[in-house]
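Okay, so here's the structure we're looking at.
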Amino acid sequence: MKNYKILTFLVLWTISYSVWGQTITISGKIQDNHGKPISEAKIYANPEPFSISDRNGNYGLQVPSHTTITLTVEHKGYLSDTKTFITSDQDIKIDFNLIPDKEKEIPEVVFKGTRKKTADITMQQIDVHNLDNTPTLSGGVEEILNTVFVSTASELSSLYRVRGGNYDENLVYINGVEIYKPLTVRSGQQEGMSIINPDMVSSINFSAGGFESRYGDKMSSVLDIQYRKPRKFESSLEASLLGGGATVGYADKKNKFSGIVGARYRNTDLILNTFDGDTDFNPQYFDVQSYLQYTWTPQWKLSFLGNYASNDYTMEPKNREVEFGTLQQPIKLNVAYNGNEKDKYRTANGTVSLEFKPSNKLAFNLDGYAFHSKEQEYFDISAGYRLQEADQDTGDFLPSFNSGGQINHGRNNLDMLVLGTQLKAKYNLNVNSAFEAGFQYQHEDIRNLKNEWQLIDSAGYAIPRPLVPPGNLDESDLILINHVSANNKLKSNRVNGYLQYSTKFMWNTTRVLINGGVRATHWDFNGETNVSPRAQIALKPDWKIDMLFRFATGFYYQPPFYKEALRLDGTLNDKIKSQRSIHFILGNDFEFKMLNKHPFKLTTEIYYKKLDDLIPYFVDNVRIIYTGENNSKGYAYGIDARLNGEFVEGAESWLSVSYGKTEENIDGRGYIPRPTDPRFKIGLFFQDYMKKYPRFKANVNLVYASGLPNGAPLYSDPYNYQTTLSDYKRADVGLTYVFVDQKKNKARIGTAWDKFKELSLGLEIFNVFDVRNTVSNDWIRDVNSTSYYAVPNKLTGRFFNVKLNVKL
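Residue numbers for the sequence shown follow my numbering, so the first one is 4 and each next one is one higher.
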């Protein structure tokens, strides 16, 4: 009997548990008192977790059956609502009508116009669709910036200068993480492709100065790139005479997982053959990038951004003939070479990001990142040269004994590893105000084995001859003009953090946006700590004309990296300090209509930068060689103006004009132009199409810029050599015929074309007028050994490229 009672109890308990342990679904709709759906409302079920309403106001969640449940609905700007009831074993539908909370409701201050609400006050935006048909040799987005805000180093390089700064003074972010580049690249053709893959980009934001505290520690600019998240399966293919690339994107049906992968290959042998002289080139560049994202819940998101690049560059020069000098004294140089150069660059980036949004007001982002670069630069090139002067009567070049030779030797290896993590948080007080904070830790491990020297010989005499008494030097001794030997190992740690506050409000009838913050950095190699306050303000008066006024200021310290701490002799300076730039920027955006009421925007900025603790440097093609000492100060000022709009309906174009000046004072010897002194520049980006033949499109890039100061021969006194390169003039044209564009020119169903989203064939004409621009000078001496001759190194000539673009 006893066993029977126990069995009966177990059966009844099991049945009870199966009934009372079941769950049911509670669903419904959240709307306001006018019947308008409310999205992102939070529904709490006590004692179960909460749910969030979708864009139609619908929600749903699982709760236990036969239980007392209390549902609470909350949304900013509305009074919360609560309902209590006992569940059965049937699903329940419960709707909520929320009443606005007049005390808590704060109207959003909207800055109308083309500037996005989420952008930095100093940020300018580039429409990514303008990249589709833009002719580019570097394969990135930097060349389109050359017509707007910056000056590029070379059409083969993704490096650029901003307002008198050099190439190392610019921050580049992809998805919120700073991107590093190889350190030993000396010329644009060695660099390969830009790290930014245009086919993966969703947005481009650029600030030429005065940027917010949430951005890092460089003296000039910020390029902020966001890669896109696919919404469904997609693929694209590009093929041209210079290489090609493929991109594949995917998203599952629930849109929880998405990914985009892009691979590119480039060989610029054809374009490099337009250089002066007879040289065998074999440049091969390859990279693959991926951006993967997984969303567990609306609150949790995990993503991965990865990149691997392999660049191989081989050069074997044969001979070269160059005419230079002046009209009154033309000179011809004939050079015969022996030897070659072989370089290898292997770089890899990886970032894992975890995003957590516990509420609409609060968001966290945790990143872990790594960058690894292995660089190998080997060259042994000897050259014998002859200089000839022209007969002033006939113009013929005369036989000459002005001859000499030089040997360039290099065995440089660099292994750089950067590891770090950063935590960012943002708290929205309301729709108009927010706090942001961040903390970053970074470890660097850099190993550099460097042996580089140059010998110049003229008629059997090594130059320069040392100042020693006769007889104290063996005539067989080799005297090198420069010799850098180093075996450096640098392990260091950096920490930095920021805190900033932004708010928008109405001041009478004027819209006001204010951002203020502070940033702090510390580097244990030199023990230096810096604090950088920064602030921006924007005012938009309620005028009949659409005007926005901006002002930005702040301290921008640039903590040294390995290159800045490296002295000319190859040793490291552990006393090196951060360079500093204090920015003052006054800007205006004027939006108006013209040309049949098309919208246009004129953006103007006046800037002044006070520069302290500068590290003087030499420019060798696109390589920056620092002296490793903070013995200079300087300034930069200028004005930038840009007019953009649709000169032709549906196609954005712009015209930019800039004037600037930057000088430095080294060791108190007086002010001289810095090697990147910008002066005058005009850039034009123009798009057009034929109204009768809208499938045919044209794209033009025009750039004119004053010549840069060429500075001095490497390791010499810059005060003794103040020459200027020739002005930079270049025109690139892209002609495209669009066979299929499903958004504008839909293909007929059932034809072979309806499988394509887009299909186009283009002709790119680089350097249309075949202008031989100068990127740098080689410095040689004649038999007298008393003076240098500046021999120009020319850039690429005219080149025709055919490009096919396919999107499926």
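Think of the CB as a built atom: it goes at the ideal place given N, C-alpha and C, for glycine as much as any other residue. Computed from a predicted model, the values in this text were never measured in an experiment.
H375 is bridged by DSSP to A351 and L420.
The DSSP-derived three-state label of N133 is helix.
In chain order, E241 and S763 place their CB closer than 6 Å to the CB of N808, counting only its own chain and leaving out the 5 sequence neighbours on each side.
Within a 10 Å sphere around the beta-carbon of K507 sit 16 or more other beta-carbons, which makes this residue buried. Residues Q391, E392, A393 and D394 of the same chain have their beta carbon placed closer than 8 Å to that of L401, with the five preceding and five following residues left out of the count. Per DSSP, E146 is one residue of the alpha helix (DSSP H) stretching across E145 to L148. Within the same chain, and ignoring the five residues on either side of L717 in sequence, the residues whose Cβ sits closer than 7 Å to its Cβ are N485, F621, D623 and I628. In the DSSP assignment, F88 is bridged to I72. For K566, the uninterrupted alpha helix (DSSP H) run begins and ends at Y565 to A568, by DSSP.
A residue is called buried when at least 16 other Cβ atoms come within 10 angstroms of its Cβ; D283 does not meet this threshold and is exposed. A residue is called buried when at least 16 other Cβ atoms come within 10 angstroms of its Cβ; K684 meets this threshold and is buried. Taking a 10 Å sphere around the C-beta of Q127, we find 16 or more other C-beta atoms and assign the residue as buried. Here DSSP, grouped into helix, strand and coil, assigns Q395 to coil.
Short of 7 Å from the beta carbon of P201, and not among the five residues preceding or following it, lie these beta carbons of its own chain, in chain order: L134, G143 and V144. Among the bridge pairs identified by DSSP, S190 is matched with none. In the three-state DSSP reduction, I588 falls in the strand class (E or B). A distance below 6 Å between beta-carbons, with the five flanking residues on each side excluded, links L162 to the following residues of its chain, in chain order: A156, Y170 and V625. For D272, there is no enclosing beta strand (DSSP E); the residue is found in the alpha helix (DSSP H) stretching over D272 to L275. Here DSSP, grouped into helix, strand and coil, assigns K547 to coil. DSSP, read as helix, strand or coil, puts P678 in coil. In this structure, DSSP gives D757 a helical state, which the three-state scheme calls helix.
The shortest CA-to-CA distance from S197 to any of Q539, V175, F214 and L420 is the one to V175. Cβ-Cβ distances below 7 Å link D84 to V76, F99 and L101 in the same chain, with the five nearest sequence neighbours on each side left out; the list follows chain order. Remark: three or more beta-carbon pairs, one from each stretch, lie closer than 8 Å, so the segment 339–356 and the segment 313–323 are flagged as touching. Distances from the alpha-carbon of G407 to those of S91, I459, G398 and I585 put I459 closest. Distance from the CA atom of L159 to the CA atom of Y62, rounded to whole angstroms, is 54 Å. Burial state of Y731 is buried, judged by a 10 Å Cβ sphere holding 16 or more other Cβ atoms. Apart from the 5 residues on each side of it in sequence, Q690 sits with its Cβ closer than 6 Å to the Cβ of A654, S656 and N702 in its chain, given in chain order. Secondary structure of D744 (DSSP, three-state): strand. In the three-state scheme derived from DSSP, where H, G and I count as helix and E and B as strand, M203 is classed as helix.
Within the segment 237–281, the complete alpha helix (DSSP H) segments at least 4 residues long are 272–275, listed from N- to C-terminus. Going by C-alpha positions, P544 is about 44 Å away from E237. Counting only the Cα atoms, G179 lies some 12 Å from L357.
L687 is positioned such that its CB atom lies no closer than 8 Å to that of G710. Less than 8 Å separates the beta-carbon of N529 from that of K578. Between S261 and Q296, the gap from beta carbon to beta carbon is short of 8 Å.
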